[in-house]
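*Asks:* Questions regarding the structure given below will be posed in turn.
Numbering (this note's numbering), first residue to last: 36 to 315.
Spelled out as structure tokens, the structure:
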């Protein structure tokens, strides 16, 4: 499921770039000056570079912000792991009916990585069609954040082999590397990762619109909680997933805005054609 979702977003990156390359010699740059936006991270190569930057971040210079974020991430996840996981599961088992759990599982599909990836693809198309350069830029940054976050999640899930709560009353069941049994892929939540990797980017890029960040985080948080109610994840799975994907998204956005950029990408639109012009 995670692999299919990543493929969907990779298709977004390559398809738009392909259109740009095919049309670059046929459209006047003067027609699109108002739509110019700097975009250095358009290729999958840059996604890989950003991913390496994220993975090696612990070995880079530490400042107060990084220390604070690390303590907050691992502190909250550890607190959930040692003190909240089993209490939360017992509460759900005692107070949530089977129909309630099924409802939670249904609602949680809004966080399905394939659904989130497809949404990013749709928003990317909408940005081009509506000639909205901010939406286009935000969608591309979301795609990079999504790919990096889901890759980290996919690897961790299969290496940790944590048993899901609907298969155990003990939150301390870890079986190590596992590539076949889905019920041993609890840590950490892929749905939560997908949601926060995209929601965070949009919240940062649209922070001037007062209602956007709280609505996005409320939506992502609510769907993530539904994963706990459905019995698919321990609370610590969700807490860690939300934290790590939020930090990855911030890294992607900050890296983009700090970059001077070696070239500019200009979206162009005509009656029958759309694409991007690369200006060196």
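Even for Gly, the Cβ is constructed at its ideal location relative to N, Cα and C.
Any idea which residues DSSP pairs residue 197 with across the strands?
*Replies:* Start at 1 with the first residue of the chain shown, and residue 197 comes out as number 162. Answer is 209.
*Asks:* List in chain order: all unbroken alpha helix (DSSP H) runs of 4+ residues lying wholly within the segment 209-275.
*Replies:* Those alpha helix (DSSP H) runs which fall completely within the segment 209-275 and span 4+ residues are 225-240, 247-264.
*Asks:* Could you check whether the segment 285-293 touches the segment 233-250, counting it as contact only if at least three pairs of C-beta atoms, one from each stretch, sit closer than 8 angstroms?
*Replies:* Cβ pair count under 8 angstroms is three or more, so yes.
*Asks:* Give the DSSP-derived three-state secondary structure of residue 131 in the structure shown.
*Replies:* Counting from one through the chain shown, the residue named residue 131 turns up at place 96. In the structure shown, residue 131 sits in coil (DSSP, three-state: anything other than H, G, I, E or B).
*Asks:* Taking only the alpha-carbon atoms, compute the straight-line gap between residue 168 and residue 240 and give it to the nearest angstrom.
*Replies:* Within the chain shown, residue 168 is the residue found at index 133, counting from 1. Within the chain shown, residue 240 is the residue found at index 205, counting from 1. Using only the alpha carbons, I get a separation of about 12 angstroms.
*Asks:* Rounded to the nearest angstrom, how far is the Cβ of residue 258 from that of residue 292, given a contact under 8 angstroms?
*Replies:* Looking up residue 258 in the chain shown gives position 223. Looking up residue 292 in the chain shown gives position 257. Contact flag wrong, Cβ pair sits at about 28 angstroms.
*Asks:* With a cut-off of 8 angstroms, do at least 3 Cβ pairs link the segment 194-201 to the segment 247-255?
*Replies:* Contact fails: fewer than three Cβ-Cβ distances are below 8 angstroms.
*Asks:* Between the alpha carbons of residue 122 and residue 202, how many angstroms are there, rounded?
*Replies:* Numbered from 1 along the chain shown, position 87 holds the residue referred to as residue 122. Numbered from 1 along the chain shown, position 167 holds the residue referred to as residue 202. Rounded to whole angstroms, residue 122 to residue 202 spans 16 angstroms at the Cα level.
*Asks:* Can you give the Cα-Cα distance for residue 189 and residue 85, rounded to whole angstroms?
*Replies:* Within the chain shown, residue 189 is the residue found at index 154, counting from 1. Within the chain shown, residue 85 is the residue found at index 50, counting from 1. Using only the alpha carbons, I get a separation of about 17 angstroms.
*Asks:* Leaving out the 5 sequence neighbours to the left and right, which residues in its chain are closer than 7 angstroms to residue 103 when beta-carbon positions are compared?
*Replies:* As a working note, residue 103 is residue 68 in the chain shown. None.
*Asks:* For the alpha helix (DSSP H) containing residue 101, list its first residue and its last residue.
*Replies:* What you label residue 101 is simply residue 66 of the chain shown in a count that begins at 1. Element bounds for residue 101: 99-114.
*Asks:* Is the beta carbon of residue 178 sitting closer than 9 angstroms to the one on residue 170?
*Replies:* Your numbering for residue 178 matches position 143 in the chain shown. Your numbering for residue 170 matches position 135 in the chain shown. Not a contact, by the Cβ cut-off of 9 angstroms.
*Asks:* Going along the chain, which residues of its own chain have a beta-carbon closer than 7 angstroms to the beta-carbon of residue 117, five neighbours each way excluded?
*Replies:* As a working note, residue 117 is residue 82 in the chain shown. Once the five neighbours on either side are set aside, residue 117 has no close Cβ partner at all.
*Asks:* So, residue 268 versus residue 221, is the Cβ gap smaller than 9 angstroms?
*Replies:* Working through the chain shown from its first residue, we reach residue 268 at position 233. Working through the chain shown from its first residue, we reach residue 221 at position 186. Yes, the pair counts as a contact, with Cβ atoms nearer than the cut-off.
*Asks:* With burial defined as no fewer than 16 other Cβ atoms inside 10 Å of the residue's Cβ, what is the status of residue 244: buried or exposed?
*Replies:* Taking the chain shown and counting its residues from 1, the one referred to as residue 244 is at position 209. Its Cβ having fewer than 16 others within 10 Å, residue 244 is exposed.
*Asks:* Does the beta-carbon of residue 200 have 16 or more other beta-carbons within 10 angstroms, so that it is buried, or is it exposed?
*Replies:* Along the chain shown, read from residue 1 onward, the residue named residue 200 stands at position 165. Flag for residue 200 reads buried.
*Asks:* Residues in the same chain with beta-carbon distance under 7 angstroms from residue 145, minus the five sequence neighbours each way, listed in chain order, please.
*Replies:* Taking the first residue of the chain shown as 1, we reach residue 145 at position 110. Cβ within range, chain order: 258.
*Asks:* Using three-state DSSP, classify residue 95 as helix, strand or coil.
*Replies:* For the purposes of this step, residue 95 is taken as the residue at position 60 of the chain shown. Note: residue 95 maps to coil in three-state DSSP.
*Asks:* DSSP state of residue 289, grouped into three classes?
*Replies:* Start at 1 with the first residue of the chain shown, and residue 289 comes out as number 254. Of the three classes helix, strand and coil, the one that applies to residue 289 here is helix, per DSSP.
*Asks:* Give every residue of the same chain whose Cβ lies closer than 7 angstroms to the Cβ of residue 209, excluding the five residues on either side of it in the sequence, and list them in chain order.
*Replies:* By 1-based counting over the chain shown, the position of residue 209 is 174. So the qualifying residues of the chain are 195, 196, 197.
*Asks:* On the three-state DSSP scale, how would you describe residue 168?
*Replies:* Taking the first residue of the chain shown as 1, we reach residue 168 at position 133. Looking at residue 168 - three-state DSSP - the assignment turns out to be helix.
*Asks:* Which of helix, strand or coil does DSSP assign to residue 294?
*Replies:* Locating residue 294 in the chain shown gives position 259, counting from the first residue. Here residue 294 sits in coil by DSSP.
*Asks:* In whole angstroms, what separates the C-alpha of residue 229 from that of residue 157?
*Replies:* Here residue 229 corresponds to residue number 194 of the chain shown, with the count starting at 1. Here residue 157 corresponds to residue number 122 of the chain shown, with the count starting at 1. So the alpha carbons of these two residues sit roughly 15 angstroms apart.
*Asks:* Quick one: using the 10 Å Cβ neighbour count with 16 as the cut-off for buried, is residue 148 buried or exposed?
*Replies:* Position 113 of the chain shown, counted from the first residue, corresponds to residue 148. Buried, by the Cβ-count rule.
*Asks:* Report yes if the C-beta distance between residue 111 and residue 256 is below 9 angstroms; otherwise report no.
*Replies:* Here residue 111 refers to the residue found at position 76 when the chain shown is read from its first residue. Here residue 256 refers to the residue found at position 221 when the chain shown is read from its first residue. Taking 9 angstroms as the Cβ cut-off, residue 111 and residue 256 do not qualify as a contacting pair.
*Asks:* Cα separation between residue 141 and residue 176?
*Replies:* Working through the chain shown from its first residue, we reach residue 141 at position 106. Working through the chain shown from its first residue, we reach residue 176 at position 141. If you take the alpha carbons of residue 141 and residue 176, they lie about 28 angstroms apart.
*Asks:* Straight-line CA distance for residue 120 to residue 163?
*Replies:* For the purposes of this step, residue 120 is taken as residue 85 along the chain shown, with counting starting at 1. For the purposes of this step, residue 163 is taken as residue 128 along the chain shown, with counting starting at 1. If I take the Cα positions, the gap works out to 44 angstroms.
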